[in-house]
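Here's the structure we're looking at; comments come further down.
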Amino acid sequence: MKDSPQIVAVAQLPPPVTGLSLVSQRMVELFRDQGLLRGAANIGPPVRTSTAAKMLVRTARSLSACLKIFTWRQSGASILYLPTDSNSGLYINILITLCARWAGYGVYFHHHNFSYIDRHSPAMERLIRSAPRGAVHIFLCEEMGKRFAARYGTAWETAKAAAFVLPNGFMVDEHSLAPRDAGDLIIGHLSNLSQEKGALRFIDLFRTLRQDGVSVAAKMAGPCHDPAVARAMEAAARDYPKDFVWLGPVYGEKKLDFYRSIDAFVFPTEYANEAQPLVLLEALAQGAAVLSTDIGCIGCDHGGAPGAIWPKETFQQGALAWLTAFSADGELRTATRSAARSWFEKHRRESLAALSALTSRIGTDGSRLT
């Protein structure tokens with residue numbers, strides 16, 4: 000390990016708890032555990048405040064982080080780890096990146112959404128150009144990196160930027176795979192329940208399966224702040240009191256119990272910033288097949304996993320046919336549990352190997368810039 004910590008992290012950290020903040024927190028913890036972390040600054044928004052208040056707090060935290068960047072550099076730090084935002088948050092990233100460039104840091108960006116890959120973002124192009132030459136961009140899958148480089152080709156080449164692929168599999172802990180009896184089919188959905196995340200499509204799919212005579216039960220989990228989704232869940236629970244349940248937010252053992260109780264995890268997301276949802280790996284880790292829309296890294300990551308991936312336009316039709324056949328084949332459902340677990344273990348091994356290579360590379364770059 001290096002003689003002194005070299006990495007500073009400027010990131011959105013919990014609370015609030017989001018996919019971005021959770022991964023950022025884990026990366027900070029990993030850097031600290033390996034003796035690489037000089038300091039960390041939280042530029043995330045406060046919880047339960049107005050949009051204006053959130054922006055004011057984020058601005059103040061970001062200005063404070065800029066000052067810390069110069070102070071940390073004087074004490075030997077040489078690498079900035081910066082998870083990227085989207086939309087207006089990219090301008091905060093630009094300010095922080097410029098400070099790091101002026102102070103002589105190397106920069107590692109960590110990308111977590113596709114919004115500026117699906118559509119050109121002038122702010123993202125400016126961020127690439129603001130970084131020191133040779134900045135490293137961490138992507139969640141190969142396809143994400145290729146599409147990003149193609150989208151920002153001229154800026155990417157001019158900046159002499161480099162790509163590194165780090166899947167999120169290291170974020171999912173290993174737990175024992177519990178045995179499950181082959182009873183009636185149980186499908187599940189877990190997210191911040193909203194129309195964008197596919198909650199209404201999940202309920203519609205369950206209703207259609209029941210109307211077609213399929214013996215199926217449905218479980219939903221996660222917080223819900225979408226009135227339309229809340230009404231749809233109440234109606235489904237009223238119409239199918241024994242076979243439809245909303246568990247509310249679940250964490251720890253309760254979340255594991257949810258995954259262990261289902262045969263197939265259904266995730267018809269249309270969320271614009273969807274990238275590499277951890278819920279799919281969490282479901283596979285407990286032996287559930289995954290059915291999802293092809294968005295973000297999902298198709299690249301899980302196209303060969305037990306289950307199926309469809310374009311959003313054909314998801315309902317494809318999932319209906321797949322689940323109807325799956326419900327009638329007990330042997331397939333039993334075999335799927337071990338196959339799903341094997342897929343998760345392979346994905347996690349690859350992610351851990353990439354994580355080890357990344358920390359080694361950061362350590363080497365940090366020593367060079369010190």
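According to numbering that gives the first Met the number 0, the sequence shown holds residues 0 to 369 in order. C-beta atoms are modelled at their ideal positions from N, C-alpha and C, and glycine is treated no differently.
Residue pairing from DSSP places F108 in a beta bridge opposite L81, H136. Between the alpha carbons of R206 and Y270 lies a distance of about 23 Å. Here R259 carries a helix assignment [DSSP, helix/strand/coil].
Within a 10 Å sphere around the beta-carbon of D300 sit 16 or more other beta-carbons, which makes this residue buried. Residue nearest to R60 within the set P45, A263, G182 is P45 (criterion: CA-CA distance). Under a 10 Å Cβ-count criterion, E281 is classified as buried, with 16 or more other Cβ atoms of the shown protein chains found around its own Cβ.
In the three-state reduction of the DSSP assignment, S120 falls in the coil class. Secondary structure note for S291: its beta strand (DSSP E) is the uninterrupted segment 288 to 292. When L176, R128, L189 are compared, the shortest CA-CA separation from E156 is found for R128.
In this structure the region 162 to 173 lies against the region 348 to 356, because at least three pairs of beta carbons, one per stretch, are closer than 8 Å.
Counting along the chain, N92 sits inside no beta strand (DSSP E); it lies in the alpha helix (DSSP H) bounded by residues 88 to 102. Taking the CA atoms as reference points, A64 sits about 12 Å from Y80. When secondary structure is reduced to three states using DSSP, V9 falls in the strand class.
Distance between G187 and K241, taken at the CA atoms: about 15 Å.
The beta carbon of N191 lies closer than 7 Å to those of G221, P222 in the same chain, with the five residues before and after it left out. For Q24 against G75, the beta-carbon gap comes to about 24 Å, at or over 8 Å, which does not count as contact.
Nearest in C-alpha terms to I91, of all of A181, Q73, T58, W71, is T58. Rounded to the nearest whole angstrom, the C-alpha separation of A287 and L255 is 12 Å. Secondary structure of G329 (DSSP, three-state): helix.
Contact between the region 121 to 138 and the region 87 to 107 is established, with three or more Cβ pairs separated by less than 8 Å. Runs of the beta strand (DSSP E) lying entirely within the region 171 to 227, each at least 3 residues long, are 184 to 189, 215 to 220 in chain order. In the pairwise beta carbon analysis, the region 195 to 206 is classified as touching the region 315 to 334: at least three pairs are separated by under 8 Å. With a cut-off of 8 Å on Cβ pairs, the region 144 to 156 is not in contact with the region 323 to 334, counting fewer than three such pairs.
For the region 297 to 368, the continuous beta strand (DSSP E) assignments of 3+ residues that do not extend past its boundaries occur at 306 to 309, in sequence order. If the five residues before and after R100 are omitted, its C-beta is found closer than 7 Å to the C-beta atoms of S129, A130, P131, all from its own chain and listed in chain order. Beta-bridge analysis with DSSP links V244 to K218. DSSP lists G187, V289 as the beta-bridge partner residues of F264. Scanning its chain for C-beta atoms nearer than 6 Å, with the 5 sequence neighbours on each side dropped, one finds around A177 the residues R259, in chain order. I308 sits close to G302, with the two beta carbons spaced by under 8 Å.
Looking at A10, K67, A52, P14, the one whose alpha-carbon comes closest to that of N41 is A10. If you compare the alpha carbons of I78, A181, Q275 with that of T335, the shortest gap goes to A181. For the 8 Å CB-CB criterion, A148 and A162 form a contact. C-alpha of P82 to C-alpha of L283: approximately 26 Å in a straight line.
Between the alpha carbons of D183 and H110 lies a gap of roughly 40 Å.
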